[in-house]
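S.K.: Below is a structure I'd like to ask you about.
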Amino acid sequence: MKFCCNGTDLANATNIVSKALAANKNIPILEGIRMDAHGESLTLSAYNQEMYIQKTIKADVFAEGNLVVNGRMLNDYANKISFLDKIEIEKQLNNKLSFSFNKSSSEINFYDIQNFPTLGEYEEEDSIKIKESDLKELFDCTIFCAAINDSRAILKSCKLEVVDDVVEAVCLDGYRVGIARKKPESFTGKFKAIILGKIVGDISKILSDSDDIISVKKSGSTVIFDM
């Protein structure tokens with residue numbers, strides 16, 4: 006595996022996917038970020054058994070491949086070299102991943118992708134297309150009303166639903182209720198999903214105040230945020 010990418014793009018991508026790094030060390034592979042270099046792009050992935058995040062950036066790929074590196078180490082390093090216009094990243098034979106730029110280089114260990122979960126195929130049932138800033142506001146205006154320490158999962162969650170052609174977010178903890186509504190760009194089906202408050206909070210931190218369009222897709226019990 007060998008490719009070149011922009012330092013800012015790499016740092017932004019690792020900042021996003023690192024939100025899904027496992028907090029405990031019971032499953033070491035989930036402390037890693039998976040890197041897939043194919044075609045003209047690099048895809049980074051992380052999974053913590055509750056949330057799976059993928060982010061794809063542009064890359065000049067000279068040799069396709071994939072591997073897993075320690076997520077926090079990669080994120081820290083990517084942010085330190087984020088000012089670089091071009092970074093060459095190459096898989097070495099000694100289980101090292103090299104980073105070369107200007108006249109400098111460094112290496113970090115990598116691992117085989119075996120046992121790292123994949124998002125897999127999914128059949129889209131219902132979906133919403135909404136401005137990124139509007140989705141962020143929906144979550145920010147309601148998530149504080151979700152319970153933190155309650156045995157009832159529904160009270161620790163956020164309901165996201167299309168009601169009368171409007172996207173409605175609702176959180177309640179038994180004492181408070183937070184409701185916010187925004188007009189979507191479009192939607193299909195009768196979208197309704199219950200999402201854990203912790204995940205909603207993590208997603209809200211990733212979202213920006215831009216007018217970019219976000220697709221929220223539902224497949225069975227899975228909700229996919231396509232950014």
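Here the numbering used here is used: the first residue of the sequence shown is 6, the next is one more, and so on. Beta carbons: idealized from backbone N, C-alpha and C, even for Gly.
#1: Could you tell me how far apart the beta carbons of residue 190 and residue 134 are, in whole angstroms, since I believe they sit closer than 8 Å?
#2: Return the bridge partner residues of residue 104 from the DSSP annotation.
#3: What are the boundary residues of the beta strand (DSSP E) that includes residue 57?
#4: Note down the Cα distance separating residue 51 from residue 129, rounded to an integer number of angstroms.
#5: Label residue 219 either buried or exposed according to how many other C-beta atoms from any shown protein chain fall within 10 Å of its C-beta, with 16 as the threshold for buried.
#6: In the structure shown, what three-state DSSP assignment does residue 118 receive?
#7: Going by beta carbon distance, what residues of the same chain come within less than 7 Å of residue 150, once the five residues before and after it are set aside?
#8: Under three-state DSSP, which class holds residue 52?
#9: Round the Cβ separation of residue 106 and residue 89 to the nearest angstrom and send it over; I've been treating them as touching at under 8 Å.
#10: Is residue 77 helix, strand or coil by DSSP?
M.R.: Put simply:
#1: The distance from the Cβ of residue 190 to that of residue 134 is about 4 Å, consistent with a contact at the 8 Å cut-off.
#2: According to DSSP, which records beta bridges pairwise, residue 104 is partnered with 94, 111.
#3: Segment 57-63, the beta strand (DSSP E) holding residue 57.
#4: Rounded to the nearest whole angstrom, the C-alpha separation of residue 51 and residue 129 is 22 Å.
#5: Taking all protein chains shown into account, residue 219 has 16 or more neighbouring C-beta atoms within 10 Å of its C-beta and is therefore buried.
#6: Three-state result, residue 118: coil.
#7: Correct list, in chain order: 176, 177, 178, 181, 182, 183.
#8: Looking at residue 52 - three-state DSSP - the assignment turns out to be strand.
#9: Right, their Cβ atoms sit about 5 Å apart.
#10: The answer is helix: DSSP assigns residue 77 an H, G or I state.
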